[in-house]
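A.B. asks: Once you've had a glance at the structure underneath, I'll fire off some questions.
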Amino acid sequence: MTLGTTALVTGAARGLGRSIAEHLAGQGASVAVLGRTAESLEPVLAAIRATGARGIAVVADVTDLSAVTAAVADAEAALGPLDLVVNNAGLIDDSEVPFWETDPDRWWAVVETNLRGPANIDRAVIPGMLARGRGRIVNINSGFALRTDPNYSAYSTSKAALLRLSDAMAGPLAERGVYLFDVSPGAVATDMTAGMAMFEGKSDWYDKQRILAAVTAVAEGKVDTLAGRFLHAGKDDIVKLAAERADDIAERDARRLHLRPYGDDDPEG
């Protein structure tokens, strides 16, 4: 199988982002990798080109809209219009303490990277996708968006907000041929997750191949009916969900953020 896709992957210098970028290149996609420094991107760019795929490294801090806009322009000038964007760049709470004990600047840095980053990328890529009437965006989200941990307040806040932002955009975008997904890989072993206190001694990591397969399924257009829904690549067979349960999920308004009513008489129910 060869993907006739031009992709952009953020946070691609290491970890999951690098794995996704190299996987897409191995499937035949042209891949732009985005990171904070050119030096950090050199190994992954070399790996992409070693597959025979076209690739380019673009440098930006995802919280800087002007830098992101320029990076997207450079990527498209080199590789052509973007068909697929994977918003992977992210930070985690490194102090692992309750909110009131966190460093305020670091707390906001996590929120900005995880929320402003995808928002900036989306601002840069969506107008072109809408003009062409096609495109797919994958936000690498997390179960923390739904079930928080007191020691990861910035991360869980940012991921929940990202899920809500996607919820606001996905419907109108899908009507115009652009599909937006929030996909959690589950606890996949990376430099970031391996350093988290809650995962100390963990050995039963989710299989990274499942998130790679999920991104491929999105790129191939196999799961467009699930756009706007929270998907867990570590547990879900998303192709099967799209084929067998998409109508049911839509009818029940499943896999979206909701308040749970306290009873039948709850006015917010």
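Numbered according to the working numbering, the sequence shown spans residues -17 to 251. Think of the CB as a built atom: it goes at the ideal place given N, C-alpha and C, for glycine as much as any other residue.
Determine the contact status of Ala152 and Gly210, defining contact as a CB-CB distance below 8 Å.
C.D. replies: Cβ distance < 8 Å, so Ala152 and Gly210 count as in contact.
A.B. asks: Using 8 Å as the threshold, is the C-beta distance between Val221 and Ala201 below it?
C.D. replies: Not a contact, by the Cβ cut-off of 8 Å.
A.B. asks: For Met(-17), count neighbouring Cβ atoms within 10 angstroms of its own Cβ and tell me buried if that reaches 16, exposed if not.
C.D. replies: Unreliable placement is indicated for Met(-17), whose pLDDT of 44 sits below 50; no coordinate value is reported for it.
A.B. asks: If the criterion is Cβ atoms closer than 8 Å, does the pair Val160 and Leu112 meet it?
C.D. replies: In this structure, Leu112 lies closer than 8 Å to Val160 by Cβ.
A.B. asks: I'd like the span of the alpha helix (DSSP H) that includes Gly(-3), first residue to last.
C.D. replies: That run of the alpha helix (DSSP H) goes -3 to 8.
A.B. asks: Quick test of the definition: if touching needs 3 or more C-beta pairs under 8 Å, does the region 79 to 89 touch the region 22 to 35?
C.D. replies: The region 79 to 89 vs the region 22 to 35: no contact.
A.B. asks: Just verifying my parser: in three-state terms, what is the DSSP assignment at Arg18?
C.D. replies: Arg18: coil per DSSP, three-state reduction.
A.B. asks: Nearest by alpha-carbon distance to Ser124: which of Asn102, Gly62, Lys217 is it?
C.D. replies: The shortest C-alpha separation from Ser124 is found at Lys217.
A.B. asks: So the beta strand (DSSP E) Val160 belongs to, where does it begin and stop?
C.D. replies: Looking at the DSSP string, the run of the beta strand (DSSP E) that includes Val160 is 160 to 166.
A.B. asks: Give the C-beta separation of Ala(-11) and Leu6 to the nearest angstrom, bearing in mind that I take them to be a contact with Cβ-Cβ under 8 Å.
C.D. replies: With 8 Å as the limit, Ala(-11) and Leu6 qualify as a contact, their Cβ atoms being about 5 Å apart.
A.B. asks: May I ask you to report which of helix, strand or coil DSSP gives Met(-17)?
C.D. replies: Confidence is the limiting factor: at Met(-17) the pLDDT is only 44, short of 50, which leaves the residue's position unreliable and the question unanswerable from this model.
A.B. asks: Taking its Cβ as the centre, do 16 or more other Cβ atoms sit within 10 Å of Tyr244, making it buried, or is it exposed?
C.D. replies: It is exposed - the Cβ of Tyr244 has fewer than 16 other Cβ atoms within 10 Å.
A.B. asks: Between which two residues does the alpha helix (DSSP H) containing Asn96 stretch?
C.D. replies: No alpha helix (DSSP H) holds Asn96; DSSP gives it neither H nor E.
A.B. asks: From Arg227 to Pro132, what distance separates their C-alpha atoms?
C.D. replies: The straight-line gap from Cα to Cα measures roughly 34 Å.
A.B. asks: Does the distance from the C-beta atom of Tyr188 to that of Pro154 stay below 8 Å?
C.D. replies: Contact flag unset, no.
A.B. asks: In three-state DSSP terms, what is Arg54?
C.D. replies: The sequence shown places Val at residue 54, rather than the Arg named in the question. Looking at Val54 - three-state DSSP - the assignment turns out to be helix.
A.B. asks: With distance defined between alpha-carbon atoms, name the residue in Val197, Leu23, Ala215 nearest to Gly37.
C.D. replies: Among Val197, Leu23, Ala215, the Cα nearest to that of Gly37 belongs to Leu23.
A.B. asks: Could you say which of Ala232, Leu64, Asp87, Ala20 lies nearest to Ile108 if we only look at CA atoms?
C.D. replies: That would be Leu64, whose Cα lies nearest to the Cα of Ile108.
A.B. asks: Could you spell out the range, first to last residue, of the beta strand (DSSP E) harbouring Val221?
C.D. replies: Premise fails: Val221 lies in the alpha helix (DSSP H), 220 to 226, not in any beta strand (DSSP E).
A.B. asks: With DSSP as the reference, identify every bridge partner of Leu(-10), one or two as the case may be.
C.D. replies: Ala14, Val67.
A.B. asks: If we ignore side chains and look at the alpha-carbon of each, how far apart do Ala60 and Ile231 end up?
C.D. replies: Distance between the alpha carbons of Ala60 and Ile231: 39 Å.
A.B. asks: Between the Cα of Lys204 and the Cα atoms of Trp90, His240, Val93, Leu223, which residue gives the shortest distance?
C.D. replies: Per the Cα distances, Leu223.
A.B. asks: Could you name each continuous beta strand (DSSP E) segment of 3 residues or more that falls completely within the region 192 to 251, going from the start of the chain to the end?
C.D. replies: Entirely contained in the region 192 to 251, the beta strand (DSSP E) runs reaching 3 residues are, in chain order, 212 to 214.
A.B. asks: Can you list, in chain order, the residues of its chain with a C-beta nearer than 6 Å to that of Leu97? Leave out the 5 residues immediately preceding and following it.
C.D. replies: Answer for Leu97: Ser140, Ala143, Leu144, listed in chain order.
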